[in-house]
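**Student:** Using this note's numbering, read the sequence shown as starting at 562 and increasing by one per residue. All C-beta atoms, glycine included, are put in the ideal place defined by N, C-alpha and C. Remember, predicted model here, so these are calculated numbers, not experimental data.
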Amino acid sequence: MRADNQILLISKSFALRIIKLYTYLKEDKKEYVMSTQLLRSGTSIGANVRESVNAQSKADFINKMNIALKEADESQYWLELLHESSFSNLQSQVAFNVQCSIINVQ
């Protein structure tokens, strides 16, 4: 992994924050369904970005990055549902939305 690859760093940071949120939701709020979906989509972003670094072709690279983009959009959806159902607060929601938006732009 190249130290200067911003999308790799951002997507990994996002995944780590998602893991912490998942743990909080599961242990403190006893929320299992939405948090599990968020964990899957939120960590999949970084996995696909990482795979794209070693893509076998330009088409493979584009495919992996498109999957990461879709996972970022899905993660944003689960974050919105968690917020609107009062499982997460506004401050954390805004921070996650900003990070999802950055990933979507990259």
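Assign Lys625 to one of two classes, buried (16 or more other C-beta atoms within 10 Å of its C-beta) or exposed (fewer than that).
**Tutor:** The count along the sequence shown starts at 1 and reaches residue 625 at position 64. Buried: at least 16 other Cβ atoms inside 10 Å.
**Student:** Go through its chain and collect everything with a Cβ distance to Tyr585's Cβ below 7 angstroms, but skip five positions before and after it.
**Tutor:** Stepping through the sequence shown from its first residue, residue 585 is reached at position 24. Around Tyr585: no qualifying Cβ.
**Student:** Compare the C-alpha of Arg578 against each of Asp565, Phe622, Ile606 and name the closest.
**Tutor:** By one-based count along the sequence shown, residue 578 stands at place 17. The option with the nearest alpha carbon to Arg578 is Ile606.
**Student:** Could you spell out the range, first to last residue, of the alpha helix (DSSP H) harbouring Ala608?
**Tutor:** Your numbering for residue 608 matches position 47 in the sequence shown. It spans 594 to 614 - the alpha helix (DSSP H) in which Ala608 sits, taken as one unbroken run.
**Student:** What are the boundary residues of the alpha helix (DSSP H) that Lys587 is part of?
**Tutor:** Indexing the sequence shown from 1 puts residue 587 at position 26. Where Lys587 is concerned, the enclosing alpha helix (DSSP H) stretches over 567 to 588.
**Student:** Residues in its own chain within less than 7 angstroms of Gly603 by CB, not counting five upstream and five downstream?
**Tutor:** Taking the sequence shown and counting its residues from 1, one reaches residue 603 at position 42. So the list reads Phe575, Ala576, Ile579, Ser636, once near-sequence residues are dropped.
**Student:** Using 7 angstroms as the threshold, is the C-beta distance between Ile568 and Val610 below it?
**Tutor:** If you number the sequence shown from 1, residue 568 lands on position 7. If you number the sequence shown from 1, residue 610 lands on position 49. Against a cut-off of 7 angstroms, the Cβ pair of Val610 and Ile568 comes out as a contact.
**Student:** Just mark Ser596 as buried or exposed, buried being the case when its beta carbon has 16 or more other beta carbons within 10 Å.
**Tutor:** Here residue 596 refers to the residue found at position 35 of the sequence shown. So Ser596 counts as buried.
**Student:** With DSSP collapsed to three states, give me the class of Gln617.
**Tutor:** Looking up residue 617 in the sequence shown gives position 56. Coil at Gln617, not helix or strand.
**Student:** When burial is assigned at 16 or more other CB atoms within 10 Å of the CB, is Tyr583 buried or exposed?
**Tutor:** Start at 1 with the first residue of the sequence shown, and residue 583 comes out as number 22. So Tyr583 counts as buried.
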